[in-house]
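**Student:** In the UniProt record's numbering, the protein residues as written are 1 to 415.
Below: one structure in structure tokens.
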């Protein structure tokens, strides 16, 4: 039911020019007028478990919640709110930006309840719940007034008014809704299980990646094939277009099963939030569906798999020679094929990677010195890196790939 308020604040224009009064309707609730109110933000919603004090209807005006009925609201993650509607539990995805709020995909259980007071008189708990859910589904504004959380219509007329219950929120997952600057330029790796709720069932043996491009295209590896799609992301709202995959047909097994499940989940994504190095994708109900982490090249021994020669042709490493690279705490080093080498490095934790002056031992190995020299010269040109599918790519300042490393040494079986 959409609630249409017949009586608008006659002084709304006065509010805009800063005069000291506003006419309000005594039967349909009021707007904030010139009172000390501020648009609600994420921290306001997340700061408390909010109890509904009253709701507003066109017919009855303010209706206070009876003492024996409790309706509450709590943030579960930066894109999901929920609580008790009086009888049934509810949850909904939501988006909040500078006091503008939209509640989408409201879900609730469906049971009948009877509440009685101390004199055994029944409360109309189902009536309270019905009005609450209808109003919640139609709110447009959120603001704080006198310490209360107010959900209002587009003209700031109050619809639902909450007070702080005094309870500490204990269901909240920390983070903030994502913008492109939070996700673009990183390779995100799928976690097999969602934190606090290990139910996803993804195999930890299969690599799944996600990369957001600046051009509005996302891509990655789905466990079997590469995939891509258009996307838009603004203040936590994530829209993903038609997903296309490319590559060879995969045999039955964990990789193929992972791909089917992942693509199905990705098609149902409607929001995203970040917390430090974690990215959470939310389904249309606001629940965490997929969780990713940024991966760093540091702390792993990388094995050179291929490089580009002076004619820009790909050369694969011979099985009888191994070149390694390890980055840790600003110090790089490894085996260059014959000699041990070492260097300082700098990275911004995103894509930038540069090496300082390279030092090395001075041994001679028959048949290995040319490749060693080529490797070290390419290492000096490094400007960027990317990680995908268990491989580390090093690029020069022009963005051209110069070397590809694997977590596995040449000839080592992933099984």
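Even glycine gets a Cβ: it sits at the ideal position worked out from N, Cα and C.
So the candidates are 384, 108, 366 and 403; which of them puts its Cα closest to the Cα of residue 377?
**Tutor:** Comparing Cα positions, the closest option is 403.
**Student:** Helix or strand or just coil, what does DSSP make of residue 255?
**Tutor:** Of the three classes helix, strand and coil, the one that applies to residue 255 here is helix, per DSSP.
**Student:** Answer yes or no: do residue 339 and residue 363 have a C-beta to C-beta separation smaller than 7 Å?
**Tutor:** The answer is yes: Cβ separation under 7 Å.
**Student:** Residue 280 lies in the beta strand (DSSP E); which residues open and close that run?
**Tutor:** Looking at the DSSP string, the run of the beta strand (DSSP E) that includes residue 280 is 278-283.
**Student:** Assign residue 390 to one of three DSSP states: helix, strand, or coil.
**Tutor:** Reduced to three states, the DSSP call for residue 390 is coil.
**Student:** Quick check: what's the CA-CA separation for residue 182 versus residue 238?
**Tutor:** Straight-line Cα distance between these residues: approximately 13 Å.
**Student:** Starting from residue 375, follow its DSSP beta bridges and name the residues at the other end.
**Tutor:** Note: residue 375 sits in no beta bridge, so no partner.
**Student:** Tell me the rounded alpha-carbon separation between residue 379 and residue 294.
**Tutor:** Their backbone Cα atoms lie some 23 Å apart in a straight line.
**Student:** Using CA atoms only, rank isn't needed, just tell me which of 54, 105, 48 and 128 is closest to residue 138.
**Tutor:** That would be 105, whose Cα lies nearest to the Cα of residue 138.
**Student:** Where residue 177 and residue 272 are concerned, what is the direct C-alpha to C-alpha distance, given to the nearest angstrom?
**Tutor:** Distance between the alpha carbons of residue 177 and residue 272: 6 Å.
**Student:** Please confirm whether residue 236 and residue 95 have their CB atoms less than 7 Å apart.
**Tutor:** In contact: residue 236 and residue 95 (Cβ atoms closer than 7 Å).
**Student:** In whole angstroms, give me the CA-to-CA distance for residue 51 and residue 84.
**Tutor:** In a straight line, the C-alpha of residue 51 is about 10 Å away from that of residue 84.
**Student:** Quick check: residue 381 and residue 355, are their CB atoms within less than 7 Å of each other?
**Tutor:** It is not a contact, given that the beta carbons lie outside the stated cut-off.
**Student:** For residue 215 and residue 162, I'd like the C-alpha separation in whole angstroms.
**Tutor:** The straight-line gap from Cα to Cα measures roughly 42 Å.
**Student:** Where does residue 197 fall in DSSP's three states?
**Tutor:** Residue confidence for residue 197 is low, a pLDDT of 42 falling below 50, so the modelled location carries little weight and cannot support an answer.
**Student:** Which of the three DSSP states is assigned to residue 44 in this structure?
**Tutor:** The answer is helix: DSSP assigns residue 44 an H, G or I state.
**Student:** Starting from residue 182 and walking both ways along the beta strand (DSSP E), at which residues does that stretch end?
**Tutor:** Looking at the DSSP string, residue 182 is not in any beta strand (DSSP E); the run it does join, the alpha helix (DSSP H), is 180-183.
**Student:** Considering only DSSP beta bridges, list what residue 287 is partnered with.
**Tutor:** The partner list for residue 287 (beta bridge, DSSP) is empty, contrary to what the question assumes.
**Student:** Starting from residue 136, trace the alpha helix (DSSP H) in both directions and tell me its first and last residue.
**Tutor:** 125-136 is the extent of the alpha helix (DSSP H) around residue 136.
**Student:** Under 7 Å Cβ to Cβ from residue 241, same chain only, skipping five residues before and after it: list those, please.
**Tutor:** Around residue 241: 229, 230 and 231.
**Student:** Using the rule of at least 16 other Cβ atoms within 10 Å of the residue's Cβ for burial, across every protein chain shown, is residue 365 buried or exposed?
**Tutor:** The residue is exposed, with fewer than 16 neighbouring Cβ atoms inside 10 Å.
**Student:** Would you kindly work out how many angstroms separate the C-alpha atoms of residue 269 and residue 100, rounded to a whole number?
**Tutor:** Cα-Cα distance, rounded: 22 Å.
**Student:** Consult DSSP for residue 101 and reduce its assignment to one of helix, strand or coil.
**Tutor:** Correct three-state label for residue 101: strand.
**Student:** Output the distance between the C-alpha atoms of residue 110 and residue 90, rounded to the nearest integer angstrom.
**Tutor:** Each residue's Cα considered, the two are about 10 Å apart.
**Student:** Beta carbon of residue 345, beta carbon of residue 327: below 7 Å?
**Tutor:** In contact: residue 345 and residue 327 (Cβ atoms closer than 7 Å).
**Student:** Just the C-alpha distance for residue 131 and residue 140, rounded to the nearest angstrom, thanks.
**Tutor:** Looking at the two C-alpha atoms, the distance is approximately 16 Å.
**Student:** Who are the Cβ neighbours of residue 283 in its own chain at under 7 Å, not counting the five residues just before and after it?
**Tutor:** Same-chain partners within the cutoff: 268, 269, 270 and 289.
**Student:** Grab me the residues of residue 144's own chain with a C-beta within less than 6 Å of its C-beta, minus the 5 sequence neighbours each way, in chain order.
**Tutor:** Closer than 6 Å at Cβ, skipping near neighbours: 38, 40 and 44.
**Student:** Within this structure, are the beta carbons of residue 86 and residue 129 separated by less than 7 Å?
**Tutor:** Yes; because the gap between Cβ atoms is below 7 Å, this pair is in contact.
**Student:** What is the rounded straight-line gap between the Cα of residue 418 and the Cα of residue 251?
**Tutor:** In the structure as shown, the chain starts at 1 and stops at 415, and residue 418 therefore has no counterpart that could be examined.
**Student:** Can you name, in chain order, every residue of its own chain whose Cβ lies under 7 Å from the Cβ of residue 42, other than the five neighbours on each side?
**Tutor:** Correct list, in chain order: 78, 96 and 176.
**Student:** Just tell me which of 222, 213 and 224 has its CA closest to the CA of residue 233.
**Tutor:** Among 222, 213 and 224, the Cα nearest to that of residue 233 belongs to 213.
**Student:** Would the beta-carbon of residue 407 fall within 7 Å of that of residue 395?
**Tutor:** It is not a contact, given that the beta carbons lie outside the stated cut-off.
**Student:** Do the segment 247-264 and the segment 62-82 meet, that is, are 3 or more Cβ pairs less than 8 Å apart?
**Tutor:** Touching, no.
**Student:** Going by the CB atoms, is the gap between residue 341 and residue 358 shorter than 7 Å?
**Tutor:** The answer is yes: Cβ separation under 7 Å.
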